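**Q** Counting in our numbering, the first sequence runs from 2 upward without gaps. Can you keep this structure in mind? I'll have questions shortly.
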Amino acid sequence: MTPFQQEVYKALDLIPKGCVTTYGAVAAYLGTKAVRAVGTAVGKNPNAPQVPCHRVVPLTGKIGNYSGQGGVATKIRLLEEEGVFLKNGKVLDFEKCLFTFDHPTEHV
DNA sequence: AGCGTGACGAACT
DNA sequence: TAGTTCGCCACGC
2 MTPFQQEVYK ALDLIPKGCV TTYGAVAAYL GTKAVRAVGT AVGKNPNAPQ VPCHRVVPLT
62 GKIGNYSGQG GVATKIRLLE EEGVFLKNGK VLDFEKCLFT FDHPTEHV
């Protein structure tokens with residue numbers, strides 16, 4: 002477990018239920034430009050319900066990937082349970098459910 | 001210290 | 001429009 006991963010998991014924990022975020026948003030939140038690093042950190046181990054990693058999707062609005070049980074299918078299932086439905090492998094109203102870590106003090 | 005890999009992203013052809 | 005390539009940062013070897 003690396004500090005970087007802890008930051009990532011903590012960020013995912015900020016995602017409100019019924020919403021989704023993107024790897025890029027998490028990367029920006031952590032202050033990094035490498036979404037790869039975020040994706041790597043998330044895909045490393047926290048596939049467990051320990052972290053709402055299923056609320057994280059690529060900027061394309063697609064489901065992306067999931068290392069948990071059932072893979073992407075389970076990821077979709079979890080999102081539907083929260084109210085985030087999928088269509089053709091993509092999120093419905095993706096930008097509306099999108100959570101971009103709207104900091105209360107982003108530029109003060 | 002360097003190389004390869006990875007739950008992505010953007011640009012190019 | 002779809003497929004492919006490079007880049008990006010962190011981690012393991």
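Yeah, the Cβ is synthetic: ideal placement off N, Cα and C, and Gly gets one too. Only a predicted model underlies this, so the values are computations on that prediction, with no experimental measurement involved.
According to DSSP, what are the bridge partners of L87?
**A** For the purposes of this step, residue 87 is taken as residue 86 along the first sequence, with counting starting at 1. Answer is V92, bridged to L87.
**Q** Going by C-alpha distance, which of T41, K91, V36, V52 is nearest P17?
**A** Working through the first sequence from its first residue, we reach residue 17 at position 16. Among T41, K91, V36, V52, the Cα nearest to that of P17 belongs to V52.
**Q** Here's the rule I'm using: 16 or more other beta-carbon atoms within 10 Å means buried, otherwise exposed. How should K4 be labelled?
**A** By 1-based counting over the first sequence, the position of residue 4 is 3. Looking at the sequence shown, residue 4 is not Lys but Pro. Classification for P4: exposed.
**Q** Short check: CB of V21 to CB of R56, under 7 Å?
**A** To locate residue 21, count along the first sequence from 1; it is residue 20. To locate residue 56, count along the first sequence from 1; it is residue 55. Cβ distance < 7 Å, so V21 and R56 count as in contact.
**Q** Whole alpha helix (DSSP H) runs in the segment 6-92 with 4 or more residues, listed along the chain?
**A** 24-31, 36-45, 73-83
**Q** Rounded to whole angstroms, how far is the Cβ of Y24 from the Cβ of F102, which I believe are closer than 8 Å?
**A** Here residue 24 corresponds to residue number 23 of the first sequence, with the count starting at 1. Here residue 102 corresponds to residue number 101 of the first sequence, with the count starting at 1. Incorrect: roughly 12 Å between the Cβ atoms, too far for contact.
**Q** Relative to the C-alpha of Y10, which residue among K63, P47, A35, T41 is closest?
**A** In the first sequence, the residue the question calls residue 10 occupies position 9. Comparing Cα positions, the closest option is P47.
**Q** Among the residues of its own chain, which have a CB less than 6 Å from the CB of H108, if the five just before and after it don't count?
**A** Stepping through the first sequence from its first residue, residue 108 is reached at position 107. Model confidence at H108 stands at a pLDDT of 49, short of 50, so the residue's coordinates are unreliable; what they give is reported in the following sentence. Result list for H108: empty, nothing under 6 Å.
**Q** Could you tell me if A26 is buried or exposed, where buried requires 16 or more neighbouring beta carbons within 10 angstroms of its beta carbon?
**A** Numbered from 1 along the first sequence, position 25 holds the residue referred to as residue 26. A26 should be labelled buried.
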